[in-house]
Amino acid sequence: MIQSVELKNITKRFPGVLANDHINLRVNAGEIVALLGENGAGKSTLMKILYGMYRPDEGEICINDQAVTISSPNDALRQGIGMIHQHFQLVPGFTVVENVALGLKSSRGPLTDLDVVSRRMLELAKQYGLQVDPSAYVWQLAVGQQQRVEIIKALYRNASLLILDEPTAVLTPNEVDEFFNILRRLRENGHALIFISHKLQEVMAISDRVTVLRGGRVVGEVATRDTTKQELAQMMVGRQVITRWEKQAAQETEPILRVQNLTVLGDKNLPAVKNLSLHVCPGEILGIAGVSGNGQRELAEAIAGLRRATTGSITSEGREIANHSPAHIIHSNIAFIPEERMLMGVVREFSVAQNAILETHDQLPYSRYTFFNFSAVNQTAARLVNDFEVKTPSLETPIKVLSGGNIQKLILARELERAPRFLLAAQPTRGVDIGATEYIHRRLIEQRARGTAILLISEDLEEVIALSDRVAVMYEGEIVGVLPPTTPVEELGLYMAGAKRA
């Protein structure tokens, strides 16, 4: 059993980047250490070193005060270190017990006795509150149950230190509570846990200590009971961060966007959006809350002209836009921040300047007949980069080399440049750091104050609550409730899980 794991002076360089700069980190048995930091702070690199996916250029790893070499994930598992990835490593067509048994060696040769594995699984489930049916197929399980399978897999292999990478990203609030109870039982049984998250409220709720990285270095290490969310955010960014936004109450007026009785098929040709109705008024943010996979993506794509509706209508300022082309939607004074920014928001190989005018490149002043006005393109791009604080080496830099936050800020700048009457923001801060998140939130609030109707689709419930005037909860393709943002999180969680309807 691991009593302590210590990383000493860990340094890792990549071409042109010092990812980890003499980092020290210690975690002891029976405690939960949270690892915080913006994107690019070095968290992932550090954990990949601990889990044997990278080798450090300098420094050492000590387990129980003895230096060890970890060259692969198999080495890490042999040392008692397991990692629960944000994206689960399970085979959907296998049963739970088959997934747990995958890769195990057996005295019977390549065939593992699944009955033996199942019995041991049930023992672990009882000990740690990880109830799951060994005979169930993974595809039948809810996301929270799949996560339990991942934990059982690690515990079955005798992992006593667990690295948890953004473990609550796809859980409902009630599933988060259940998950935290599991973590507490693991801690009580002597396990060491490293909890990687950007959700400060959760860090405060579950961790014993917090280590903060910035620019590849440790900039703070505090006992959780001795700090606050505001202090942690300031350590991460290097300045004060606004997490609460003051805004005037929205007025119920004639809606700009109206969706009525909308049905949309998903990728498997089954209804993903079912007879859904909603409306968004000028100067209002309507937030869509829900666990991923409940029709949010299909709803956004139908509004943006990227997916056909089978029934129902979508109107913008009284004009029907359902089943029209994306170009028609753009010319209808509608702006769209897509969920997948690299697939639908930018052209990866194009420059920053080219991406800044993507939707208006065929209009004056950029294009006239067969001539392209590069001076006008660069003028607009330079202004947007400056106004929206986009960090880029130059306007000619390929967009793909920018950070996620800077790409998202450029997309936001381009969309708001057209002064839209309606803005559809799908997962606008997914994968961006806390500084960029604060900036994007501020811009959305400013746009609301200008009278823009905003539909915010986000899996981050804190974000939805902080920004929205009303919260519509989606479950299995339907709106199951439209609630005020002051609704208790626990109650919202019941709607998100389908346990309650308005």
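No gaps in the numbering here: position 350 of the sequence shown is 355 in the working numbering, and each next residue is one more. The C-beta atom is built at its ideal place from N, Cα and C for all residues, glycine as well.
Exercise. Can Ala431 and Ile462 be called in contact, C-beta distance under 8 Å?
Worked result: The sequence position of residue 431 within the sequence shown is 426, counting from 1. The sequence position of residue 462 within the sequence shown is 457, counting from 1. Result yes, Cβ atoms of Ala431 and Ile462 sit closer than 8 Å.
For this session: Go to Gln452, then tell me how far its alpha helix (DSSP H) extends in each direction, as first and last residue.
Result: Here residue 452 refers to the residue found at position 447 when the sequence shown is read from its first residue. 439 to 454 is the extent of the alpha helix (DSSP H) around Gln452.
For this session: Quick one: using the 10 Å Cβ neighbour count with 16 as the cut-off for buried, is Met6 buried or exposed?
Result: Position 1 of the sequence shown, counted from the start, is the residue given in the question as residue 6. Per the 10 Å Cβ criterion, exposed.
Problem set entry | Sequence-distant residues of the same chain with beta carbon closer than 6 Å to Leu460, five excluded per side | Counting from 1 along the sequence shown, the entry for residue 460 is found at position 455. Only Val285, Leu291, Leu429 meet the Cβ criterion.
Problem set entry | DSSP three-state assignment for Ala430, whether helix, strand or coil | Position 425 of the sequence shown, counted from the start, is the residue given in the question as residue 430. It is a strand residue.
Problem set entry | Residue ranges of each alpha helix (DSSP H) within the stretch 318 to 342, 4 or longer | 331 to 335
Exercise. Fully enclosed by the stretch 147 to 190, which alpha helix (DSSP H) runs are 4 residues long or longer?
Worked result: 148 to 161
Problem set entry | Which residues DSSP lists as bridging Thr216, in chain order | In the sequence shown, counting from the first residue as 1, residue 216 sits at position 211. Bridge partners of Thr216: Leu40, Glu226.
For this session: In the DSSP assignment, find the beta strand (DSSP E) that holds Thr385 and state where it starts and stops.
Result: Position 380 of the sequence shown holds residue 385. Not the beta strand (DSSP E): Thr385 falls in the alpha helix (DSSP H), residues 379 to 392.
Exercise. Do you know how far the Cα of Ala424 is from the Cα of Val32?
Worked result: Here the question's residue 32 lines up with position 27 in the sequence shown. Here the question's residue 424 lines up with position 419 in the sequence shown. So the alpha carbons of these two residues sit roughly 50 Å apart.
Exercise. Where does Val73 fall in DSSP's three states?
Worked result: Here the question's residue 73 lines up with position 68 in the sequence shown. DSSP places Val73 in strand when its eight states are reduced to three.
Exercise. Excluding sequence positions up to five away, which residues of its chain have a Cβ less than 7 Å from the Cβ of Ile68?
Worked result: Taking the first residue of the sequence shown as 1, we reach residue 68 at position 63. Excluding sequence neighbours, Ile68 sits near Ile7, Val10, Gln84.
For this session: State buried or exposed for Asp184, treating a residue as buried only when at least 16 other CB atoms are found within 10 Å of its CB.
Result: Translated into the one-based positions of the sequence shown, residue 184 becomes position 179. Here residue 184 turns out to be Phe, not Asp, going by the sequence shown. Result: buried.
Exercise. Alpha helix (DSSP H) containing Thr50: first to last residue?
Worked result: Indexing the sequence shown from 1 puts residue 50 at position 45. Residues 48 to 55.
Exercise. Are the beta-carbon atoms of Gly35 and Arg192 separated by less than 8 Å?
Worked result: Along the sequence shown, one-based indexing puts residue 35 at 30. Along the sequence shown, one-based indexing puts residue 192 at 187. For Gly35 and Arg192, yes; Cβs fall inside 8 Å.
For this session: Could you say which of Gly310, Val22, Ile66 lies nearest to Asp80 if we only look at CA atoms?
Result: Residue mapping note: residue 80 aligns to position 75 of the sequence shown, counting from 1. Closest option to Asp80, Cα to Cα, is Ile66.
For this session: For Thr177, collect the residues of the same chain with a Cβ closer than 6 Å to its Cβ; drop the 5 residues on either side in sequence, then sort them by chain order.
Result: Along the sequence shown, read from residue 1 onward, the residue named residue 177 stands at position 172. Once the five neighbours on either side are set aside, the close Cβ partners of Thr177 are Val296, Gly498, Met501, Ala502.
Exercise. Count the other CB atoms within 10 Å of the CB of Thr100; is the residue buried (16 or more) or exposed (fewer)?
Worked result: For the purposes of this step, residue 100 is taken as the residue at position 95 of the sequence shown. It counts as buried.
Problem set entry | Bridge-paired residues (DSSP) for Gly486 | The count along the sequence shown starts at 1 and reaches residue 486 at position 481. Bridge partners of Gly486: Val478.
Exercise. On the three-pair Cβ rule with 8 Å, is the stretch 194 to 208 touching the stretch 38 to 53?
Worked result: yes
Exercise. To the nearest whole angstrom, what separates the beta carbons of Ala277 and Val269, a pair I think is in contact under 8 Å?
Worked result: The residue given as residue 277 occupies position 272 in the sequence shown. The residue given as residue 269 occupies position 264 in the sequence shown. So it is a contact: roughly 6 Å between Cβ atoms.
Problem set entry | CB-CB length for Ile342 against Pro433, believed under 8 Å | What you label residue 342 is simply residue 337 of the sequence shown in a count that begins at 1. What you label residue 433 is simply residue 428 of the sequence shown in a count that begins at 1. With a Cβ gap of about 5 Å, Ile342 and Pro433 count as contacting.
Exercise. Is Leu267 near Ala307, with beta carbons less than 8 Å apart?
Worked result: Position 262 of the sequence shown, counted from the start, is the residue given in the question as residue 267. Position 302 of the sequence shown, counted from the start, is the residue given in the question as residue 307. Yes, they are a contact pair.
Problem set entry | Straight-line gap, Arg125 to Val175 (C-alpha atoms, nearest Å) | Start at 1 with the first residue of the sequence shown, and residue 125 comes out as number 120. Start at 1 with the first residue of the sequence shown, and residue 175 comes out as number 170. Cα-Cα distance, rounded: 27 Å.
Problem set entry | Where Thr365 sits in the DSSP three-state scheme | Numbered from 1 along the sequence shown, position 360 holds the residue referred to as residue 365. Three-state DSSP puts Thr365 in a helix.
For this session: Assign Gln452 to one of two classes, buried (16 or more other C-beta atoms within 10 Å of its C-beta) or exposed (fewer than that).
Result: Within the sequence shown, numbered from 1, the residue matching residue 452 stands at position 447. Classification of Gln452: buried, given that the 10 Å Cβ count is 16 or more.
Exercise. What residue does the alpha helix (DSSP H) around Asp120 start on, and which one ends it?
Worked result: In the sequence shown, counting from the first residue as 1, residue 120 sits at position 115. Counting along the chain, the alpha helix (DSSP H) containing Asp120 begins and ends at 119 to 133.
Exercise. Cβ of Gly47 within 8 Å of Cβ of Asn25?
Worked result: Looking up residue 47 in the sequence shown gives position 42. Looking up residue 25 in the sequence shown gives position 20. Contact flag set, yes.
Problem set entry | Status (buried if at least 16 other CB within 10 Å, exposed otherwise) for Arg346 | Counted from its first residue, the sequence shown places residue 346 at position 341. Arg346 comes out buried.
Problem set entry | Sequence-distant residues of its chain with Cβ nearer than 7 Å to Met4 (five each side left out) | Only positions 6 to 507 of the chain appear in the structure, and residue 4 is not among them; the question remains open.
Problem set entry | Inter-residue spacing [alpha-carbon to alpha-carbon] between Gly225 and Gly21 | Sequence index remark: in the sequence shown, residue 225 carries index 220 (1-based). Sequence index remark: in the sequence shown, residue 21 carries index 16 (1-based). When rounded, the distance between both Cα atoms is 25 Å.
Problem set entry | Test item: CB-CB of Asn383 and Lys396 under 8 Å | Position 378 of the sequence shown, counted from the start, is the residue given in the question as residue 383. Position 391 of the sequence shown, counted from the start, is the residue given in the question as residue 396. No, the Cβ-Cβ distance between Asn383 and Lys396 is not below 8 Å.
Exercise. Is DSSP giving Gln8 helix, strand or coil here?
Worked result: Along the sequence shown, read from residue 1 onward, the residue named residue 8 stands at position 3. Gln8 falls in the coil class under three-state DSSP.
Exercise. Identify the residues that DSSP records as bridge partners of Met88: which are they?
Worked result: Taking the sequence shown and counting its residues from 1, one reaches residue 88 at position 83. Bridge partners of Met88: Ile168.
Problem set entry | Same chain, Cβ closer than 8 Å to Val390, five either side skipped, listed in chain order | Taking the sequence shown and counting its residues from 1, one reaches residue 390 at position 385. Same-chain partners within the cutoff: Val357, Ala361, Thr397, Leu400, Leu415, Ala418.
For this session: To the nearest angstrom, report how far apart Leu160 and Gly108 are at their CA atoms.
Result: Here residue 160 refers to the residue found at position 155 of the sequence shown. Here residue 108 refers to the residue found at position 103 of the sequence shown. Straight-line Cα distance between these residues: approximately 14 Å.
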